[in-house]
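Heads up: the sequence shown begins at 50 in my numbering, then just goes up one per residue.
We put the beta carbon where it would ideally sit given N, CA and C, even for glycine.
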Amino acid sequence: MVKKILFVCLGNICRSPAAEGVFKQKIKDRDLEKLFLVDSAGTGGWHVGNLADPRMRETALSRGIELTSRSRKIEEGDLYEFDHILVMDNDNLDAVKSLIKDNKNPINYKIKLILSYSKHSQLEEVPDPYYGGQNGFDQVLDLLDDAIDGLIDSLMY
Numbered sequence: 050m051v052k053k054i055l056f057v058c059l060g061n062i063c064r065s066p067a068a069e070g071v072f073k074q075k076i077k078d079r080d081l082e083k084l085f086l087v088d089s090a091g092t093g094g095w096h097v098g099n100l101a102d103p104r105m106r107e108t109a110l111s112r113g114i115e116l117t118s119r120s121r122k123i124e125e126g127d128l129y130e131f132d133h134i135l136v137m138d139n140d141n142l143d144a145v146k147s148l149i150k151d152n153k154n155p156i157n158y159k160i161k162l163i164l165s166y167s168k169h170s171q172l173e174e175v176p177d178p179y180y181g182g183q184n185g186f187d188q189v190l191d192l193l194d195d196a197i198d199g200l201i202d203s204l205m206y
């Protein structure tokens, strides 16, 4: 059975498309592509239809990861469509959980901070690099690389 994974950040132009790209590259490298459907979304709709931020695309490409997805806003239906929803920070965790209309449907378990899967980082949140410099984009990819290894390991065992 295919597992559906959704990565979520604020605008869906930096962190979540990077997570989507890293995840896709890692499952391709491990020949696991048939086991997963992967997407990303944002809690805000300011950039709908846009490619990822050029700085994030360039940084990812320098590591062999191509980011091709277009920004979209998360919808309530995504909460039921996807098996795992991984968010970048606590603000987005709250925003995603606020979409739950049926409090009797226990879906909170599938919404988690991506860094909860990290094997090496002490951080809880992936910082937003949008207003910073190049180091922020590198840090995001380093954090996601580690956390997504942990995520894939947890999904496979």
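(request) Buried or exposed for Val-175, please, with buried defined as at least 16 other CB atoms from any protein chain shown within 10 angstroms of its CB. (result) Counting other Cβ atoms within 10 Å of its Cβ, Val-175 reaches 16 or more and is therefore classed as buried.
(message) With a threshold of 8 Å on Cβ separation, who are the neighbours of Leu-162 within its own chain once the five nearest residues in sequence on each side are excluded?
(response) Within the same chain, Leu-162 has close Cβ partners Leu-135, Val-136, Met-137, Asp-138, Asn-139, Leu-142, Glu-173 and Glu-174.
(message) For a quick check, are the C-beta atoms of Ala-101 and Leu-84 less than 8 Å apart?
(response) Going by C-beta atoms, Ala-101 is not nearer than 8 Å to Leu-84.
(message) Quick check: the Cα distance between Ile-201 and Lys-159, rounded to an integer number of angstroms?
(response) Near 15 Å, if we compare the C-alpha coordinates of Lys-159 and Ile-201.
(message) Give the list of continuous beta strand (DSSP E) stretches no shorter than 3 residues that lie fully inside the segment 119-148.
(response) DSSP runs (the beta strand (DSSP E)) wholly in the segment 119-148: 133-136.
(request) Quick one: residues in its chain with C-beta nearer than 7 Å to the C-beta of Lys-146, no 5 flanking neighbours on either side, listed in chain order? (result) Asn-157 and Ile-160.
(message) Suppose the cutoff is 7 Å on Cβ atoms and the five residues either side in sequence are ignored; what does the same chain contact list for Tyr-166 look like?
(response) Here the set comprises Ala-196, Gly-199, Leu-200 and Ser-203.
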